[in-house]
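Novice:
Residue numbers (our numbering): 106 to 417.
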């Protein structure tokens, strides 16, 4: 699957129309620092390839500019497709820093919004909210989560007005903002199909696949490492068993990395309770998460309910 998505990324990048100008700067621009931050993320091969291609493109265009050759620029507005917890917001934040470092954006910050932040309650209210969101994101990335929900209410709904206002705002400020529309894969593809004008304005489509079992385990281990913990051998085996159950039941597709974070945080609390009850707090005791600490009885009822509402 990764090979297919990487091929798609190549095609998308090669066929992108050009609009966003590359800023001139006296600082050294190579994007390496951000690439290091991206490379440590688990999975996300398509995203990593695309950003490396974008970096190469900018460097080549700067070299062409020095030689007084035609210096094209790129339309960098994107569509992120994937389930919750697959890294969409994290990557959007990294992209902001990346595009700043490459001289494309002036600030590189990330502004996150959703339907409730954009759609107003009366005529004119939506346009005002959308313009305010654009204003707040100037110089950075505007990340619209669950963007498909803006097109669900029918002709009388203000959601479509929000889309129109966002598109106008990004075109009026094309040199200093990048807009990312994000949400479930099927819903985002439907949004693009039913709004033909969006396809040309958002030429870069990135799919965020669900994490594999091995990737989920690695994410859990990295979360523990960041907190100065580690799994015992038995704990890791039990974690794999727990994750297999969640994957088989479909719960992993709802939570992905968020589900893993939930397990990790609850397991740390169980470890703390165990240590206090036994009154054993050596350095090793404080570091190790054992099999009995692994939390497996997660309540997904609310998550499933939310998921079903969104895909109806």
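A virtual CB, placed ideally from N, CA and C, is assigned to each residue, including glycine.
1) Does the count of Cβ pairs from the segment 224-240 and the segment 174-181 closer than 8 Å reach three?
2) Kindly indicate the opening and closing residues of the beta strand (DSSP E) around residue 214.
3) Taking only the alpha-carbon atoms, compute the straight-line gap between residue 314 and residue 384 and give it to the nearest angstrom.
4) Assign residue 264 to one of three DSSP states: helix, strand, or coil.
5) Just verifying my parser: in three-state terms, what is the DSSP assignment at residue 246?
6) Taking residue 267 as the reference, which of 362, 360, 286 has the closest Cα?
7) Mark residue 391 as exposed unless 16 or more other C-beta atoms lie within 10 angstroms of its C-beta, in which case mark it buried.
8) How should residue 130 be labelled, buried or exposed, when 16 other C-beta atoms within 10 angstroms of its C-beta is the threshold for buried?
9) Between which two residues does the beta strand (DSSP E) containing residue 186 stretch?
10) Just the C-alpha distance for residue 128 and residue 208, rounded to the nearest angstrom, thanks.
11) Can you find at least 3 beta carbon pairs, one from the segment 292-310 and one from the segment 183-196, that sit closer than 8 Å?
12) Identify the residues that DSSP records as bridge partners of residue 312: which are they?
13) I need the straight-line Cα distance from residue 228 to residue 337, nearest angstrom please.
14) Below 6 Å CB to CB, which residues in the same chain sit around residue 176 once its five sequence neighbours on both sides are set aside?
15) Alpha helix (DSSP H) containing residue 321: first to last residue?
16) For residue 284, which residues in the same chain have their Cβ closer than 6 Å to its Cβ, ignoring the five residues on either side in sequence?
17) Is the Cβ-Cβ distance between residue 198 and residue 254 less than 8 Å?
18) Near residue 138, which residues of its chain fall below 7 Å by C-beta distance, leaving aside the five closest residues on each side in sequence?
Specialist: On the basis of the coordinates in this document:
1) The segment 224-240 makes no contact with the segment 174-181: fewer than 3 CB pairs, one atom from each, lie closer than 8 Å.
2) Run containing residue 214: none; DSSP gives neither H nor E here.
3) C-alpha of residue 314 to C-alpha of residue 384: approximately 43 Å in a straight line.
4) In the structure shown, the three-state DSSP call for residue 264 is helix.
5) For residue 246, the secondary structure class from DSSP, reduced to helix, strand or coil, is strand.
6) Proximity to residue 267 across 362, 360, 286 peaks at 286, based on C-alpha coordinates.
7) Exposed, because fewer than 16 other Cβ atoms sit within 10 Å of the Cβ of residue 391.
8) With a pLDDT of only 36 at residue 130, under 50, the local geometry of the prediction cannot be trusted, and the value read off the model is given with reservation. Exposed: under 16 other Cβ atoms inside 10 Å.
9) Judged by DSSP secondary structure, residue 186 falls within the beta strand (DSSP E) whose first and last residues are 183-187.
10) Only weak support exists for where residue 128 lies, its pLDDT of 38 falling under 50; the coordinates are left without a value.
11) Taking 8 Å as the limit for Cβ pairs, the verdict is that the segment 183-196 does touch the segment 292-310.
12) DSSP output for residue 312 lists 186 as bridge partner(s).
13) Going by the C-alpha atoms only, they are around 59 Å apart.
14) 166, 169, 170.
15) For residue 321, the enclosing alpha helix (DSSP H) begins and ends at 318-331.
16) Within the same chain, and ignoring the five residues on either side of residue 284 in sequence, the residues whose Cβ sits closer than 6 Å to its Cβ are 182, 247, 275.
17) In this structure, residue 198 sits away from residue 254, with a CB-CB distance that is not shorter than 8 Å.
18) Counting only Cβ-Cβ distances below 7 Å, and skipping sequence neighbours, we find 206.
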